[in-house]
Amino acid sequence: MAEEKLPVSFDPVRFAKWGRRLEGSIPLSQMSRMTEQVTELRGEVSVALDCSMGEDRVRALRGHITAVVPMQCQRCMDEVEIQVDSQFSLGVVDSEAFAEKLPEEYEPLFIEEGEKLFLKELIEDELILALPIVPMHPQEECKAGGMSEDDMNLVQEESPQESPFAILKDLKI
Ligand SMILES: [Zn+2]
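For what it's worth, my numbering labels the leading residue of the sequence shown as 21, then goes sequentially.
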């Protein structure tokens, strides 16, 4: 399979037919839509994207992204570096009818015939989806995390109305 530098945009239908594999990295500083979720747009996203014809002539884009994203810990409010390691499978379609026929493993990606796909936009979308809603340090690394799960429950039982941890506990996923 051919391997090449990341293009700014490409025709996903052709790339699927040609069986292209894209590999490289994109700086987070180019992803301004993430500004509100991060403490700083620094570092980069590593991207591997396999374009291929799947079964039933599905134009498949299979991606793998990894990144270290600086976010704000919702327990101690300091910065926490979130490790992202996420995979996705997209099926390129140009109509709802095609989208409905896609095998379950694919998410539909709507692209008109001949339309270009902007790689950065795609990767930014996938990265945003992969970020935790409530980022937190692991307990032992968190400044506010001296308490174990059991301790938190105990605090709650002792003072159910006033516990400042009650809100945090509800936020935990
Ligand atoms: Zn923390």
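For glycine and all other residues, C-beta sits at the position ideal for the given N, C-alpha and C. Please read these numbers as outputs of a predicted model, since none were measured by experiment.
Backbone CA spacing between residue i and residue j [nearest angstrom]
| i | j | result |
| --- | --- | --- |
| Met21 | Glu160 | Per-residue confidence for Met21 stands at a pLDDT of 45, beneath the threshold of 50, marking its modelled position as unreliable; the derived number appears in the next sentence. Cα to Cα, Met21 sits roughly 44 Å from Glu160. |
| Thr55 | Glu141 | 14 Å |
| Arg40 | Ile85 | 17 Å |
| Ala117 | Met97 | 46 Å |
| Cys71 | Leu26 | 13 Å |
| Cys93 | Lys121 | 41 Å |
| Phe35 | Gly83 | 14 Å |
| Leu129 | Glu43 | 20 Å |
Distance between beta carbons of residue j and residue i, contact taken as under 8 Å
| i | j | result |
| --- | --- | --- |
| Met32 | Ile143 | It is Pro, not Met, that sits at residue 32 in the sequence shown. Their Cβ separation, rounded to whole angstroms, is 13 Å, which puts Pro32 and Ile143 out of contact at 8 Å. |
| His157 | Val100 | 5 Å |
| Pro155 | Ile102 | 5 Å |
| Ser45 | Glu60 | Actually they do not touch by this definition, with Cβ atoms about 17 Å apart. |
Ligand 1 heavy atom lying under 7 Å from the CB of residue i
| i | result |
| --- | --- |
| Ala164 | yes |
| Met73 | no |
| Met156 | yes |
| Val89 | no |
| Asp31 | no |
| Asp98 | yes |
| Arg41 | no |
| Arg77 | no |
| Arg53 | no |
| Arg95 | yes |
Beta-carbon proximity check, residue i vs residue j, cutoff 8 Å
| i | j | result |
| --- | --- | --- |
| Glu133 | Asp114 | yes |
| Phe108 | Glu135 | no |
| Pro90 | Arg62 | yes |
| Val112 | Leu81 | yes |
| Phe30 | Leu139 | yes |
| Val78 | Pro123 | yes |
| Arg95 | Ala150 | no |
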